[in-house]
Structure formats: structure tokens, C-alpha cells
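Numbering (the numbering used here), first residue to last: 2 to 402.
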Ligand SMILES: [Zn+2]
């Protein structure tokens, strides 16, 4: 699994700034962050940690000993102290992720080193009541934990993704994508049902986070992710961090108006980007030739040379490119990632997106922006939810020995 960053792990704040205890806790977090950045793919030696953190080898050695004593890390083999390999211990705990989609639920469990250990996907009606959805999530989580020989109490934090705007107060704002969650204080009800700390975000934001850390946006400190599925929304990473806006709903690109006399949108307005670029709109447009076709079947038809379907993907891509151009002129991202079900069309869609961006963005802005398809595909949101849990979970760091 690619490396993760934990630069945003919050400080516990339990020590006076500048005190020895505060410095020690900060150094402990630096060592943990270095281990999480490396992930669990490669052995990390104490010398590697000293190089990454720029801490003195003796300091690293002391901190590793403290962390090992507290059960947070394990050490093995190597020649000499500097060659000792260090990894985050499974005994340190686990994190979990829950991703509600338009018609699915995904649940995953990961370790504190940033690896996803187990994952399960289930079908779920889009109009389910939130209590039913959370009950299914809780049962699935317990099943995964049992498979791992773990229990709910081992989970230090849960990341929860929803395909709806989520305010900074954790309340789900109106969305016909998930009507059973409107007005629900998602983090509070999920925390009560799962009996663990829960951190909630919009799924496009979580996809952006995952693509930024693990996927097509790696190496881009300013990037935009556009999810085009049943709904259309964006997640924005600015200066390496997710941007949520004042009320937590930044990135609602799907409801930019393109034509006031255009088709009615589910938000109550007319001619929104989403009304031209959602999967439902594409299916409606092609219903006479391809009744009841899934997005996958439409992609297959386009690849087989169906000119009507190719034209429809071209139109959707052009309009997405137009919307992306507005975003690009505003925040000047170096990378635009297109995800969601519509992205299954690959270059059938992306060529038109690139063309739309070229037509509508300032020339230097479009020239500086790479346009790529999601690298993590339909698993972007669950990876993002796991990263959210990892970022927001405070580890119980040992006091000075
Ligand atoms: Zn709208």
C-alpha cells in the first residue's frame, strides 16, 4: 500500500508548550508519523527514522524504547541499535472506515501503520433509514473484527463518509441522494451506534484525501477531485490539506448554474452542472437506444463504437471540463482527478474534459493542470475514510520514563 502522511495528527495539548514533556511528546509523534508515512510495506530502521525526522540517533533510540514499552511499536533484528527494524504494533489498536454510497455500504478495518486489513461491500437501498444503515455497518464491522481476532474496543476511531454535504457541526444537509440522513447529526448517531469515536466527512472530500495521499494526486499539494456519479461534487486539497469552507460544504460544484432555462435539478434550481453530468442524466439521454443500461454497459457500448453513446460521453466530459475550468481559474490546482461511476469511461470522458478545460480556463491555468482518472476507483472513499480515522485518532503516548 502506498505511503500515508499523518502531518495533520492533532497534538494532544496536554503539556505546556515548550516544556520538556511537550518536546518529548512532539518527538514521539514525529517518530510515529515517520512509521505511518512508510506504511507497513518496507522495514524501517532506527537509522531511517533518524534521517526522516532529523532527530539525533540517540533520541530516536530512546523514543523507540519508550514507545515499545507502551506497546505502540515493535522492534526486530538488525545489526546494532541503528539497524533495528521498527514497526507500529497491532497491539497499538485499529481504525475503521464506513462509506455509504448511493446503493452500497463499505466497511473496512485498518491498522495504525496505514494499511487496510479487511474490507467488505454490501448492497444498500439509497432510501434506507440512517438507523438501518448504521445497524448494518455495526454488524459488518463486528464481523470483520471477529475475522481479525479483534473486538470493537480495539478500534480507536472510525471515519464515516456520506454522499451528502456535511456541515462543520456534523449535521447532514439536504440531499436526495441519501434522504434517510437529511438533518441527522451523523457523527453523534454513529458514535452512539458504534460506541467508538466517529469522524464524518462528505465522500468527495474523502476521495480527494485518498487520491492526494495514495492515488492520482500524490505529489500535488493543490489538487481538485470531481466525483461524477448519481450526484456531482468536488473535494479540494489546498496547500496539502482538505479545504472545507466556512460551513463545511465547500466543493459543491455540481450546483453551479450553467443555464437558467436548463433542466430542473434535484437541488431545486435549473441548469446545474449535475443536471448535465450525472449518471442518471446520461442514462436518461440514452434511454431510447439503451433502456435500463448500467453505466458499465454504456461504457462497453461506447468502446464497441456506438456513436450515440460516444457522443453522450463527449458531451458530459465537455460540460465537466467547463465546470472544472471555473474551479481551476479560482484555485489553480496542479492536478484534477475525475472519479465516481462516470470515470469508468476513462479516456472516452477525459479527452472531452481536457478539451473543456482548455476552452474555458485561462491558458496558463489549464496548461499547468494534469487531468487524470481516479487511481483508487470506487474504493477512493473507503480509503479516505480510513485516512480520516487515522489522522483524527489520538494515540495514548507514553510519559517520560
Ligand atoms: Zn442543482
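Built from N, CA and C at the ideal position, the CB exists for glycine as well.
Point to revise | Minimum C-alpha distance to residue 156 - residue among 143, 167 and 209 | key: In the chain shown, counting from the first residue as 1, residue 156 sits at position 155. For the residues 143, 167 and 209, the minimum Cα distance to residue 156 belongs to 143.
Review point. Across which residues does DSSP place residue 286 in a beta bridge pair?
Key: For the purposes of this step, residue 286 is taken as the residue at position 285 of the chain shown. Looking at the DSSP assignment, residue 286 forms no beta bridge with any residue, so it has no partner.
Review point. Can we count residue 75 as close to ligand 1, meaning its CB is less than 7 Å from some heavy atom?
Key: For the purposes of this step, residue 75 is taken as residue 74 along the chain shown, with counting starting at 1. Not so, every heavy atom of ligand 1 lies at least 7 Å from the Cβ.
Practice item. Mind listing which residues have their beta carbon within less than 6 Å of any non-hydrogen atom of ligand 1? Chain order is fine. Key: Here the residues come out as 256, 266, 268, 270, 273 and 275.
Review point. When the Cα of residue 394 is compared with those of 199, 174 and 180, which residue comes out closest?
Key: Along the chain shown, read from residue 1 onward, the residue named residue 394 stands at position 393. Answer by Cα proximity: 199.
Check your understanding: When you compare each of 243, 346, 60 and 52 to residue 314 by their alpha carbons, which one comes out closest?
Key -> Translated into the one-based positions of the chain shown, residue 314 becomes position 313. Of the candidates 243, 346, 60 and 52, the one whose C-alpha sits nearest the C-alpha of residue 314 is 346.
Exercise for review: Determine the DSSP secondary structure at residue 273, reduced to helix, strand or coil.
Suggested key: Counting from 1 along the chain shown, the entry for residue 273 is found at position 272. Residue 273 falls in the strand class under three-state DSSP.
Point to revise | Every unbroken beta strand (DSSP E) inside the region 291–353 [3 residues or more] | key: 336–340
**Study point:** residue 392 (DSSP reduced to helix, strand or coil)
**Key:** Start at 1 with the first residue of the chain shown, and residue 392 comes out as number 391. Residue 392: helix per DSSP, three-state reduction.
Point to revise | Three CB pairs or more closer than 8 Å across the region 343–359 and the region 234–250 | key: no
Review point. Of all the options 217, 201, 280 and 97, which has the alpha carbon lying nearest to the alpha carbon of residue 178?
Key: Locating residue 178 in the chain shown gives position 177, where the first residue counts as 1. Cα-wise, what sits closest to residue 178 is 280.
Exercise for review: Measure the alpha-carbon distance for residue 382 versus residue 120 and round it to whole angstroms.
Suggested key: As a working mapping, residue 382 is identified with position 381 in the chain shown. As a working mapping, residue 120 is identified with position 119 in the chain shown. Rounded to whole angstroms, the gap between the alpha carbons of residue 382 and residue 120 is 12 Å.
Practice item. Below 8 Å on the Cβ atoms is my guess for residue 373 versus residue 217; work out the distance and round it to an integer in Å. Key: Translated into positions along the chain shown, residue 373 becomes position 372. Translated into positions along the chain shown, residue 217 becomes position 216. With a Cβ gap of about 4 Å, residue 373 and residue 217 count as contacting.
Check your understanding: Secondary structure at residue 164, three-state DSSP: helix, strand or coil?
Key -> Stepping through the chain shown from its first residue, residue 164 is reached at position 163. Residue state, collapsed to three classes: coil.
Review point. Pairing CB atoms from the region 248–266 with CB atoms from the region 309–325, are three or more of them under 8 Å?
Key: A contact exists between the region 248–266 and the region 309–325.
Check your understanding: Which of helix, strand or coil does DSSP assign to residue 124?
Key -> Position 123 of the chain shown, counted from the first residue, corresponds to residue 124. Here residue 124 sits in strand by DSSP.
Exercise for review: Run the CB neighbour count on residue 295, radius 10 Å, all protein chains shown included, and call it buried at 16 or more, exposed below.
Suggested key: In the chain shown, residue 295 corresponds to position 294, counting from 1. Burial call: exposed.
**Study point:** DSSP state of residue 111 mapped onto helix, strand, coil
**Key:** In the chain shown, counting from the first residue as 1, residue 111 sits at position 110. Residue 111: strand per DSSP, three-state reduction.
Review point. Beta carbon of residue 126, beta carbon of residue 163: below 8 Å?
Key: For this step, residue 126 is matched to residue 125 along the chain shown. For this step, residue 163 is matched to residue 162 along the chain shown. Contact flag unset, no.
Review point. Per DSSP, what kind of secondary structure is residue 254 in: helix, strand or coil?
Key: Here the question's residue 254 lines up with position 253 in the chain shown. DSSP places residue 254 in helix when its eight states are reduced to three.
Check your understanding: Is residue 202 near ligand 3, judged by its Cβ being under 7 Å from some heavy atom?
Key -> In the structure on display, ligand 3 does not appear, and the ligands it does have are ligand 1.
Review point. What are the boundary residues of the beta strand (DSSP E) that residue 100 is part of?
Key: Taking the first residue of the chain shown as position 1, residue 100 is located at position 99. It spans 95–101 - the beta strand (DSSP E) in which residue 100 sits, taken as one unbroken run.
Exercise for review: Tell me whether residue 21 is buried or exposed, calling it buried when 16 or more other Cβ atoms sit within 10 Å of its Cβ.
Suggested key: Against the chain shown, residue 21 aligns to sequence position 20. Flag for residue 21 reads exposed.
Point to revise | Beta-carbon contacts of residue 53 that lie in its chain and below 6 Å, excluding the five residues immediately before and after | key: Mapped onto the chain shown, residue 53 falls at position 52. The residues are 35.
Exercise for review: Counting only the same chain and skipping the five closest in sequence on each side, list residues whose C-beta sits under 7 Å from that of residue 330.
Suggested key: Stepping through the chain shown from its first residue, residue 330 is reached at position 329. 362, 363 and 366.
Review point. Less than 8 Å separating the beta-carbons of residue 339 and residue 375?
Key: Here residue 339 refers to the residue found at position 338 when the chain shown is read from its first residue. Here residue 375 refers to the residue found at position 374 when the chain shown is read from its first residue. Residue 375 sits close to residue 339, with the two beta carbons spaced by under 8 Å.
**Study point:** Length of the line joining the Cα atoms of residue 258 and residue 274
**Key:** Taking the chain shown and counting its residues from 1, one reaches residue 258 at position 257. Taking the chain shown and counting its residues from 1, one reaches residue 274 at position 273. When rounded, the distance between both Cα atoms is 6 Å.
Review point. From residue 181 to residue 114, what does the alpha carbon distance come to, in whole angstroms?
Key: Position 180 of the chain shown, counting from 1, holds the residue named residue 181. Position 113 of the chain shown, counting from 1, holds the residue named residue 114. Roughly 34 Å separates the two Cα atoms.
Check your understanding: Can you tell which of 262, 385 and 128 has the C-alpha that lies nearest to the C-alpha of residue 104?
Key -> Indexing the chain shown from 1 puts residue 104 at position 103. Comparing Cα positions, the closest option is 128.
Practice item. Could you tell me which residues DSSP puts in a beta bridge with residue 117? Key: For the purposes of this step, residue 117 is taken as residue 116 along the chain shown, with counting starting at 1. DSSP, once it has assigned bridges, lists 111 as partnering residue 117.
Check your understanding: What did DSSP end up calling residue 359 once you bin it into helix, strand or coil?
Key -> On the chain shown, residue 359 is found 358 positions in, with the first residue counted as 1. Residue state, collapsed to three classes: helix.
Check your understanding: Alpha carbon to alpha carbon, how far is residue 250 from residue 169?
Key -> Your numbering for residue 250 matches position 249 in the chain shown. Your numbering for residue 169 matches position 168 in the chain shown. Spanning the two alpha carbons is a distance of roughly 8 Å.
Check your understanding: What's the C-alpha gap between residue 342 and residue 307?
Key -> The residue given as residue 342 occupies position 341 in the chain shown. The residue given as residue 307 occupies position 306 in the chain shown. C-alpha separation (whole angstroms): 19 Å.
Practice item. Quick one: grab the DSSP three-state call for residue 52. Key: Indexing the chain shown from 1 puts residue 52 at position 51. DSSP places residue 52 in helix when its eight states are reduced to three.
**Study point:** For residue 46 and residue 29, the rounded distance between their alpha carbons
**Key:** Taking the first residue of the chain shown as position 1, residue 29 is located at position 28. Taking the first residue of the chain shown as position 1, residue 46 is located at position 45. Looking at the two C-alpha atoms, the distance is approximately 16 Å.
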